[in-house]
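> Residue numbers (this note's numbering): 8 to 820.
Using N, Cα and C, we set each Cβ at its ideal position, and we do this for glycine too.
In this text the structure is predicted, and so the values were computed from the model without any measurement.
Before I ask anything, let me first share the structure, which is written out below as structure tokens.
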Amino acid sequence: MSETKQRKTYDPTDLERRWQERWAESGLYKTEEDESKPKHYALTMLPYPSGDLHVGHWYPMTPSDTRARFMRMNGYRVFFPIGFDAFGLPAENAAIQRGIQPREWTYANIEQMRGQLKQMGAMFDFDSEVVTCDPEYYRWNQWFFVKFFEKGLAYRKEAPVDWCPKDNTTLAREQVVGPDRRCERCGTPVIKKNLPQWLFKITDYAEELLDFSNIDWPERVETLQRNWIGRSEGTEIRFEIEGYGPVEVFTTRPDTLFGATFFVMSPEHPAVEKITTPEQAEEVRAYVERAARMSEIDRTDVTRDKTGVFTGAYAINPANREEIPVYIADYVLMGYGTGAIMAVPGHDERDFEFARKYSIQIRTVITPPDWDGEALEVAYAGEGTMINSGKFDGTPSTEGKERVTAWLEERGAGKATVTYRLHDWLISRQRYWGTPIPIVYCDECGIVPVPEEDLPVLLPEESEFMPTGESPLKLDPDFYNTECPSCGGPATRETDTMDTFVDSSWYWYRYLSPHYDEGPFDPERGEKWLPVDQYTGGIEHAILHLLYARFFTKVMRDLGLVDFDEPMTSLRNQGNILGPDGQKMSKSRGNVVNPQEYVDRFGSDALRGFLMFIGPWNEGGPWDGKGIEGVSRWLRRALSLVTGGDSSGGEADPTELERRTNRLIKKITEDLEAFRFNTSIAALMEHTNYLLAVRGRVGDDEWHEALRTFVTVLSPFAPHHAEETWAAMGEEYSVHEQAWPGYEEDLIQAQEITLIVQVNGKLRDRIEAPADISEEAARELALSSARVRPHLEGKELRKSIYVPGRLVNLVVG
RNA sequence: GCGAGAGUGGUGGAAUGGUAGACACGCUAGAUUUAGGAUCUAGUGCCUCACGGCGUGCGGGUUCAAAUCCCGCCUCUCGCACCA
8 MSETKQRKTY
18 DPTDLERRWQ
28 ERWAESGLYK
38 TEEDESKPKH
48 YALTMLPYPS
58 GDLHVGHWYP
68 MTPSDTRARF
78 MRMNGYRVFF
88 PIGFDAFGLP
98 AENAAIQRGI
108 QPREWTYANI
118 EQMRGQLKQM
128 GAMFDFDSEV
138 VTCDPEYYRW
148 NQWFFVKFFE
158 KGLAYRKEAP
168 VDWCPKDNTT
178 LAREQVVGPD
188 RRCERCGTPV
198 IKKNLPQWLF
208 KITDYAEELL
218 DFSNIDWPER
228 VETLQRNWIG
238 RSEGTEIRFE
248 IEGYGPVEVF
258 TTRPDTLFGA
268 TFFVMSPEHP
278 AVEKITTPEQ
288 AEEVRAYVER
298 AARMSEIDRT
308 DVTRDKTGVF
318 TGAYAINPAN
328 REEIPVYIAD
338 YVLMGYGTGA
348 IMAVPGHDER
358 DFEFARKYSI
368 QIRTVITPPD
378 WDGEALEVAY
388 AGEGTMINSG
398 KFDGTPSTEG
408 KERVTAWLEE
418 RGAGKATVTY
428 RLHDWLISRQ
438 RYWGTPIPIV
448 YCDECGIVPV
458 PEEDLPVLLP
468 EESEFMPTGE
478 SPLKLDPDFY
488 NTECPSCGGP
498 ATRETDTMDT
508 FVDSSWYWYR
518 YLSPHYDEGP
528 FDPERGEKWL
538 PVDQYTGGIE
548 HAILHLLYAR
558 FFTKVMRDLG
568 LVDFDEPMTS
578 LRNQGNILGP
588 DGQKMSKSRG
598 NVVNPQEYVD
608 RFGSDALRGF
618 LMFIGPWNEG
628 GPWDGKGIEG
638 VSRWLRRALS
648 LVTGGDSSGG
658 EADPTELERR
668 TNRLIKKITE
678 DLEAFRFNTS
688 IAALMEHTNY
698 LLAVRGRVGD
708 DEWHEALRTF
718 VTVLSPFAPH
728 HAEETWAAMG
738 EEYSVHEQAW
748 PGYEEDLIQA
758 QEITLIVQVN
768 GKLRDRIEAP
778 ADISEEAARE
788 LALSSARVRP
798 HLEGKELRKS
808 IYVPGRLVNL
818 VVG
């Protein structure tokens, strides 16, 4: 076939459509259930049905597909499902704009995206698809809620919550981002509001969530989660406040207790009002009000001057019975520790600054190295020897921590304790488009969970969903008014819905049996497939979704639903695919790349290949529309290995063909094991170039065998083009049912090598030599090189270094 | 401020102690074509006519040999941030 004809007949979209139809007809990607094979549950994060699939979906999903295909070819039965994370704010916002129901918008998008997902040519098992806004799915969100409630893991509390004034909803702490505390979704500064809220008691699992020893997750994710959980070991110390009672503080430095010269409470501390003396009341009230009004931006500005107000009260330092003044100051946060601190200005920077400003005594109780005995000019937060600390004088501060704590424990004035930064997970949302919380409020019976057999509590089909700050469901009397499941009397329903992160905390269990109605998943299916072997998705979910996912699995274990501790054995994150300008893709920047136009022009294999080729997968990078053309050219050339003409020249070396084929298998195998897609594609391109150069110059059998192997290892990357080439070779359908080829290390070794000759470490010559050349022979060869000799002139050969099969370095001087 | 990651041609990147720049994009020249933003061939780190020299953010060190290891610094990205 001539190049001209080949060019004209190349139509990647037609080629790909043909094979997608054939795959669907033949059920090629139906999940393998043969239990004689080892299982591999490959999971990619499920998309939100925002309308169209964008490159931000292709980037994580198609390499994950390549990896899943690789595992399948390696003899695993692979489960690779997909679904839609379909509840949430964007549906409401879009619905408000268009005047339609969120449900309508969502399902239309799902329909659209399902078709686009199929265009990827991935081996997704669409039979297990899950849509989280289906009652069939969210019924089990509610079931979990009830189970959590029964176990005391779901509780209701009046609490100041982070509130987004634009989206009119509560946010989880994790959804508030940045130093100026903005809404993760819309960027609006968040405010505080008091509401009764439902929370999940994730803090019960804080300690266990710190243990990553049995999972292979990126260190970065572990670190993020560890920092988020924020475990801190210290001592809780009880200070008596005169005329009030005991108030506890938390400190990691009990060894500095004798240096506590004042005491600070957060302005929100419940004791503040009661301890304030009448003389100070006015000033204190003004400060508390100012703190409450102050925006979070100002409140958390680290560079701001410390401010505070004396309450008139005094606390007794339990170590030395000293009376110390009690202040309130906004640098002490109600949300961490006990909301009160013992202030040790000598050894804490913040306390130092405060003490300087309000002329409070600064006492040195830990000696800095080479201390001259003079008053400290800056706080010394390091370790040293305890002084001015009564019977502990002379004790190293490192030992002092334990000894002071033990001493306090003996006297009932304190105890060793652990504090976490992690807070319970606030799941209530005052929105329509989410899972209704299955709780009924009865005047007689109080808080009553909806019985299991009455689930699901259906989200009303047609509702007023405009955000008013109130839960929209409160405006729907048919929903709101109900009877108490316990006494049958009139009652009202909880009208808040759940955070959508609840939906995504267990969805991979539902994939196993999406229509099972006796539990969240069929335990038999679980036995066969759980846990997830390989999870892939964005690093941005490091602390939200991935922490909740682990939490849910641990609760499920304690409910007896599963017998393992971690949901996903291995996790890999891809980086972000950026716009052509190197900025994050966003509609407002106008740099969003629509994959459809590239699929239409170059086909899905080219887009897949380009996204894998662009750079290391875990790093992401900017989109380059030109770059995809190179990948498209390569695919066309790969196809022409079968359909094109021969290259010119004499006989090619068949051993070289074998050697390079084995080397390719090894390279791709190792790269795919390690998620290095970019270097795989480079190796495939290089090999294609080589094959084109020797086509028609080796024996037919050898050529055919080499081509078979090439197409086989190509198939996970470019499934359509590999299938087309395979068919053109006259091979039996389908290349995707081939076993992954093995390789022989011996065959990779070349007979001839290029011996590198260096003089004093500088490259001077390259000489062809047998691979097994001896050190002596290699040295002789090097010394006799015409390019090397001038560099040896008049110098003495001190020694020579020989790296077998690689190089000789002559050291002269 | 703390923590993590990164810095290599015009561009994306490759090489984790042993030939720096694989593989691509782009560019240059040529071939083919009515034409092309198609395809093919050759070239392409910088300086130099050449011999050769220089070259992986900067400065030092270890080594026969450093992009790679060590020390100090600079820059960028991300995360956390008054966490007691």
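With a cut-off of 8 angstroms, do at least 3 Cβ pairs link the segment 221 to 238 to the segment 247 to 265?
Flag = no, the segment 221 to 238 and the segment 247 to 265 do not touch.
> For Glu10 and Arg667, what's the separation of their Cα atoms in angstroms?
Residue numbering aside, residue 10 sits at position 3 when the first sequence is read from its first letter. Residue numbering aside, residue 667 sits at position 660 when the first sequence is read from its first letter. Note that Glu10 has pLDDT 37, beneath the 50 cutoff, so the model's placement of it is unreliable and the number below is only indicative. Using only the alpha carbons, I get a separation of about 26 angstroms.
> On the three-state DSSP scale, how would you describe Met349?
By 1-based counting over the first sequence, the position of residue 349 is 342. In the structure shown, Met349 sits in a strand (DSSP, three-state: E or B).
> In the segment 609 to 651, which residue ranges form an unbroken alpha helix (DSSP H) of at least 4 residues, counting only runs that do not cross its ends?
Qualifying alpha helix (DSSP H) stretches, in chain order: 611 to 620, 634 to 650.
> From Val600, Ile584, Glu240, pick the residue whose C-alpha is nearest to that of Gly622; which is it?
Your numbering for residue 622 matches position 615 in the first sequence. If we check each option's Cα against that of Gly622, Ile584 comes out closest.
> Who does Pro88 pair with in a DSSP beta bridge?
Start at 1 with the first residue of the first sequence, and residue 88 comes out as number 81. Asp132, per the DSSP bridge assignment.
> Taking the alpha-carbon positions, what's the Leu721 to Glu800 distance?
Translated into the one-based positions of the first sequence, residue 721 becomes position 714. Translated into the one-based positions of the first sequence, residue 800 becomes position 793. So the alpha carbons of these two residues sit roughly 52 angstroms apart.
> Would DSSP call Trp205 helix, strand or coil?
Taking the first residue of the first sequence as position 1, residue 205 is located at position 198. Residue state, collapsed to three classes: strand.
> Locate the alpha helix (DSSP H) running through Tyr516, then write down its first and last residues.
Residue 516 sits at position 509 when you count from the first residue of the first sequence. Element bounds for Tyr516: 514 to 517.
> Could you compute how far the alpha carbon of Tyr555 sits from the alpha carbon of Cys190?
Position 548 of the first sequence holds residue 555. Position 183 of the first sequence holds residue 190. Using only the alpha carbons, I get a separation of about 19 angstroms.
> According to DSSP, is Leu788 helix, strand or coil?
Translated into positions along the first sequence, residue 788 becomes position 781. DSSP places Leu788 in helix when its eight states are reduced to three.
> So Ile209 packs on Asp431, CB below 8 angstroms; how close in whole Å?
Residue numbering aside, residue 209 sits at position 202 when the first sequence is read from its first letter. Residue numbering aside, residue 431 sits at position 424 when the first sequence is read from its first letter. Their Cβ separation, rounded to whole angstroms, is 6 angstroms, which keeps Ile209 and Asp431 in contact under 8 angstroms.
> In whole angstroms, give me the CA-to-CA distance for Pro19 and Met130.
Along the first sequence, one-based indexing puts residue 19 at 12. Along the first sequence, one-based indexing puts residue 130 at 123. Using only the alpha carbons, I get a separation of about 19 angstroms.
> Report, in whole angstroms, the separation of the C-beta atoms of Ala49 and Gln541, which I expect to be a contact under 8 angstroms.
Mapped onto the first sequence, residue 49 falls at position 42. Mapped onto the first sequence, residue 541 falls at position 534. Their Cβ separation, rounded to whole angstroms, is 5 angstroms, which keeps Ala49 and Gln541 in contact under 8 angstroms.
> Counting only the same chain and skipping the five closest in sequence on each side, list residues whose C-beta sits under 7 angstroms from that of Glu39.
Within the first sequence, residue 39 is the residue found at index 32, counting from 1. These residues qualify, in order along the chain: Arg84, Val85.
> At what residues does the beta strand (DSSP E) containing Arg773 begin and finish?
Residue numbering aside, residue 773 sits at position 766 when the first sequence is read from its first letter. Its beta strand (DSSP E) spans residues 769 to 777.
> Just curious, the alpha helix (DSSP H) that Tyr66 is in, first and last residue?
As a working note, residue 66 is residue 59 in the first sequence. Looking at the DSSP string, the run of the alpha helix (DSSP H) that includes Tyr66 is 62 to 80.
> Given 8 angstroms as the limit, is there contact between the segment 154 to 166 and the segment 189 to 205, that is, 3 or more CB pairs closer than that?
Segments in contact, yes.
> Among residues of its own chain, excluding the 5 on either side of Arg644, which ones have a beta-carbon nearer than 7 angstroms to its beta-carbon?
On the first sequence, position 637 is the one that residue 644 refers to. If we look at Arg644 and ignore the five residues flanking it on each side, its Cβ neighbours are Thr695, Leu699.
> Alpha carbons only, please: which of Gly589, Gln581, Gly567, Phe558 is nearest the one belonging to Met575?
Position 568 of the first sequence, counted from the first residue, corresponds to residue 575. For Met575, the nearest C-alpha among the options comes from Phe558.
> Looking at C-alpha atoms only, which residue of His47, Met68, Gln108, Gly63 is the closest neighbour of Met80?
Position 73 of the first sequence holds residue 80. It is His47.
> Taking C-beta to C-beta, are Gly315 and Phe361 nearer than 9 angstroms?
Here residue 315 refers to the residue found at position 308 of the first sequence. Here residue 361 refers to the residue found at position 354 of the first sequence. Yes, they are a contact pair.
> Check each candidate in Ile335, Leu264, Glu275 and name the one with the smallest Cα separation from Pro352.
Walking along the first sequence from the start, residue 352 turns up at place 345. Checked all of Ile335, Leu264, Glu275; the closest Cα to Pro352 is Leu264.
> With burial defined as no fewer than 16 other Cβ atoms inside 10 Å of the residue's Cβ, what is the status of Asp308: buried or exposed?
Taking the first sequence and counting its residues from 1, the one referred to as residue 308 is at position 301. It is exposed - the Cβ of Asp308 has fewer than 16 other Cβ atoms within 10 Å.
> Ends of the alpha helix (DSSP H) at Gly122?
To locate residue 122, count along the first sequence from 1; it is residue 115. From DSSP, the alpha helix (DSSP H) with Gly122 extends over 109 to 126.
> Measure the C-alpha to C-alpha separation of Gly637 and Pro142 and round it to an integer number of angstroms.
The sequence position of residue 637 within the first sequence is 630, counting from 1. The sequence position of residue 142 within the first sequence is 135, counting from 1. So the two alpha carbons sit approximately 47 angstroms from each other.
> Is it true that the CB of Met120 sits closer than 9 angstroms to the CB of Thr69?
In the first sequence, residue 69 corresponds to position 62, counting from 1. In the first sequence, residue 120 corresponds to position 113, counting from 1. No.
> If you draw a straight line from the alpha carbon of Asp588 to that of Asp631, how long is it in whole angstroms?
Locating residue 588 in the first sequence gives position 581, counting from the first residue. Locating residue 631 in the first sequence gives position 624, counting from the first residue. Between Asp588 and Asp631, the C-alpha separation is close to 9 angstroms.
> Please classify Lys37 as buried or exposed, where buried requires at least 16 other C-beta atoms within 10 Å of its C-beta.
As a position in the first sequence, residue 37 is number 30, starting the count at 1. Classification for Lys37: exposed.
> Assign Arg702 to buried or exposed, taking buried as 16 or more other Cβ atoms, counted over all protein chains shown, within 10 Å of its Cβ.
Residue 702 sits at position 695 when you count from the first residue of the first sequence. That one is buried.
> May I ask you to list the residues that DSSP assigns as paired with Met163?
Translated into the one-based positions of the first sequence, residue 163 becomes position 156. Position check: residue 163 holds Arg in this sequence, whereas Met was assumed. DSSP lists Trp205 as partners of Arg163.
> How about Val795 and Val766: do their beta carbons lie closer than 9 angstroms?
Here residue 795 is taken as the residue at index 788 of the first sequence, counted from 1. Here residue 766 is taken as the residue at index 759 of the first sequence, counted from 1. Result yes, Cβ atoms of Val795 and Val766 sit closer than 9 angstroms.
> Hey, could you find the ends of the alpha helix (DSSP H) Gly533 is sitting in?
Position 526 of the first sequence, counted from the first residue, corresponds to residue 533. 530 to 536 is the span of the alpha helix (DSSP H), which, as asked, contains Gly533.
> Quick check: the segment 378 to 390 against the segment 279 to 293, are at least 3 beta-carbon pairs closer than 8 angstroms?
No: fewer than three Cβ pairs fall under 8 angstroms.
> Report buried or exposed for Asn601, applying the criterion of at least 16 other Cβ atoms within 10 angstroms of its Cβ.
As a position in the first sequence, residue 601 is number 594, starting the count at 1. It counts as exposed.
> How far does the alpha helix (DSSP H) with Glu290 in it extend, from its first residue to its last?
Numbered from its first residue, the first sequence carries residue 290 at position 283. Start and end: 285 to 300.
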